[in-house]
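**Q** First, the structure itself, so that you have it in front of you.
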Amino acid sequence: MRRGAHRGAATAAALWLAAALGLGVALSGCASASADKPVTTAAAPDVPSADDTAAPTAPGDGAQPAPGADDEEEALPPDEVSALGDDNENDPLEGMNRYFFEINYALDETIFKAVAGWYRLALPQPAQDGIRNALRNLRSPVILANDLFQGELDRAGTTFARFLINSTAGLGGLFDVASTMGLKYHDEDFGQTLGSYGVGDYPYLMLPIFGPSNARDAVGRVVDMFLDPFRYLAPAYGLDDAMYVRAGLSGVDMRARSLETLDDLRRTSLDYYATIRSLYRQSRDAAVRNAEEGLEGPSVFMEEEPSPQAPADSGTEGEGAKSPAEMFNEDETSPAPAPAPGAGAEPAPAPA
């Protein structure tokens, strides 16, 4: 039995990679959309002065470059360059991180992705939403503790009310009745709590199995584990394997909700590792700031609440039910193929 429990623990821990990657990507989709837009600046045309027009031009001389052109080019706002520089400076262990990233990627391609696909095929959408609602409800005590640590009394009241309502009227959290009453879900963890007190996210870490993180969030994950009352109640009632089942379901559920998003990200990223790193940092920054439109953090990414009361129509979900794929303006069930190079809108005609 112990050997089986250890195998179950290892498998459940492995499934957290999918949760970390799916969450990390889902969280940062909105933030990356604006960051990926190219910055274009139109230089004002140079108007020659009277002295310039009067000055004779030596025969054979070609057209001279406009004065200050090089300076003007260097003065362009290097938004993307500075962002990449910040990420690189925050990743002093990049060599080791890339090594673990390749291991995690191989595990995801060979195990987690297939399991997540089977999960989504086997369970209808209402069942998946019910499982996710129950998992969120079980996290409520940890969220409440971090709300209080941050002095967010209003959010703490919302978390407490949601837990009471969903645990009773929602049949143990399977149905999110609280959201229909205007009590919107939000996530908190101790990594966010440390960030709210000014603790930085240096250095970036790619953890084996668990995926993207940093020193602050890794410490926060351990603290949250000890804050979780389920950790103590489950063994007391003889449910020793319940923690592993819960961890496994969380990882599979998160990976299933980001299948198309990660596939598209892999196809379009020049450097998949750097993209995941940037998205994770953006999402955690949004989570620390309690941004309304962010994504869920390492444990859960802040996103719109699924509506378990909505009928599971083909291609239609309840209002406010947004998956990570939808945050990238994709259809979760039938993603649009990536456009071929050069395809798209016709170029605008050149000005006369």
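Be aware that the sequence shown starts at -1, since it is given in our numbering, and climbs by one per residue. Ideal Cβ placement from N, Cα and C applies to all residues, glycine included.
#1: So Ser276 is in the alpha helix (DSSP H); what residue range does that whole segment cover?
#2: So, with DSSP's three-state summary, where would you put Tyr202?
#3: On the DSSP bridge list, what partners appear for Asn212?
#4: Just to confirm, are Asp251 and Leu133 a CB contact at a threshold of 8 angstroms?
#5: Go through its chain and collect everything with a Cβ distance to Leu225's Cβ below 6 angstroms, but skip five positions before and after it.
#6: Taking three-plus beta-carbon pairs below 8 angstroms as touching, is the segment 268 to 278 in contact with the segment 154 to 165?
#7: Could you give the DSSP three-state label for Phe99: helix, strand or coil?
#8: Should the segment 104 to 118 be called in touch with the segment 276 to 289, which here means at least 3 C-beta pairs below 8 angstroms?
#9: If you drop the 5 nearest sequence neighbours on each side, which residues of the same chain put their C-beta closer than 6 angstroms to that of Phe161?
#10: Got a sec, what are the start and stop residues for the alpha helix (DSSP H) Thr178 sits in?
#11: Could you give the first and the last residue of the continuous alpha helix (DSSP H) run that contains Phe147?
#12: Hey, out of Ser177, Asp127, Ala232 and Met223, whose CA is closest to Gly189's CA?
#13: Whole-angstrom Cβ separation of Asn131 and Phe173, contact assumed at under 8 angstroms?
#14: Need the endpoints of the alpha helix (DSSP H) that Arg265 sits in, please.
#15: Starting from the Cα of Asn88, find the closest Cα among Pro210, Arg244 and Asn288 and give me that residue.
#16: Determine, using beta carbons only, whether Arg214 and Asp199 come nearer to each other than 8 angstroms.
#17: Taking 8 angstroms as the limit between beta carbons, can you name the residues of its chain near Gly236, skipping five residues before and five after?
#18: Which residue wins for smallest C-alpha separation from Gly193, given the options Ala176, Leu205 and Val217?
#19: Give me the Cα-Cα distance between Trp116 and Tyr242, rounded to the nearest whole angstrom.
#20: Could you tell me if Glu258 is buried or exposed, where buried requires 16 or more neighbouring beta carbons within 10 angstroms of its beta carbon?
#21: Within 10 Å of its beta-carbon, does Glu186 have 16 or more other beta-carbons around it, so buried, or fewer, so exposed?
#22: Which stretch, first to last residue, makes up the alpha helix (DSSP H) that contains Val250?
#23: Residues in the same chain with beta-carbon distance under 6 angstroms from Leu146, minus the five sequence neighbours each way, listed in chain order, please.
#24: Hey, would you say Pro206 sits closer than 8 angstroms to Pro90, going by beta carbons?
#25: Rounded to the nearest angstrom, what separates Asn135 and Val221 at their Cα positions?
#26: So that I know if they touch, is there some Cβ in chain D lying closer than 8 angstroms to that of Leu172?
#27: I need the DSSP call for Ala120, collapsed to helix, strand or coil.
**A** On the basis of the data shown:
#1: In the DSSP assignment, Ser276 falls within the unbroken alpha helix (DSSP H) covering Tyr270 to Val286.
#2: DSSP places Tyr202 within a strand segment (E or B) once states are collapsed to three.
#3: As a beta-bridge residue in DSSP terms, Asn212 pairs with Tyr202.
#4: Taking 8 angstroms as the Cβ cut-off, Asp251 and Leu133 qualify as a contacting pair.
#5: Setting aside the 5 residues that flank it on each side, Leu225 is surrounded in the same chain by Val140 and Ala143, each with a C-beta closer than 6 angstroms to its C-beta; the list follows chain order.
#6: Not touching, per the Cβ criterion.
#7: Assignment of Phe99 by DSSP, reduced to helix, strand and coil, places it in the helix class.
#8: Contact between the segment 104 to 118 and the segment 276 to 289 is absent, with fewer than three C-beta pairs closer than 8 angstroms.
#9: For Phe161, same chain residues with a beta-carbon under 6 angstroms away, outside a window of 5 residues either side, are Ser138 in chain order.
#10: Where Thr178 is concerned, the enclosing alpha helix (DSSP H) starts and stops at Val175 to Thr178.
#11: Start and end: Ser138 to Phe147.
#12: Selection Ser177, Asp127, Ala232 and Met223 evaluated against Gly189 yields Met223 as nearest (Cα-Cα).
#13: Taking 8 angstroms as the upper bound for CB-CB distance, Asn131 and Phe173 are in contact here, some 7 angstroms apart.
#14: Unbroken alpha helix (DSSP H) run through Arg265: Leu257 to Thr266.
#15: Minimum Cα distance to Asn88 is reached at Pro210.
#16: Yes, Cβ-Cβ distance for Arg214 and Asp199 is below 8 angstroms.
#17: Excluding sequence neighbours, Gly236 sits near nothing in its chain.
#18: In this structure, Val217 is the residue among Ala176, Leu205 and Val217 with its C-alpha nearest to the C-alpha of Gly193.
#19: Rounded to the nearest angstrom, the gap between the Cα atoms of Trp116 and Tyr242 is 19 angstroms.
#20: Answer is buried; the Cβ neighbour count reaches 16.
#21: Buried, by the Cβ-count rule.
#22: Looking at the DSSP string, the run of the alpha helix (DSSP H) that includes Val250 is Ala240 to Ala254.
#23: Taking Leu146 as the centre and dropping the five residues before and after it, the same chain places the C-beta of Ala154 closer than 6 angstroms to its C-beta, in chain order.
#24: No. Outside cutoff.
#25: Across the structure, Asn135 and Val221 are spaced so that their CA atoms are roughly 19 angstroms apart.
#26: Of the protein chains in the structure, only one exists, and it is not chain D.
#27: Shown here, Ala120 sits in a helix according to DSSP, grouped into three states.
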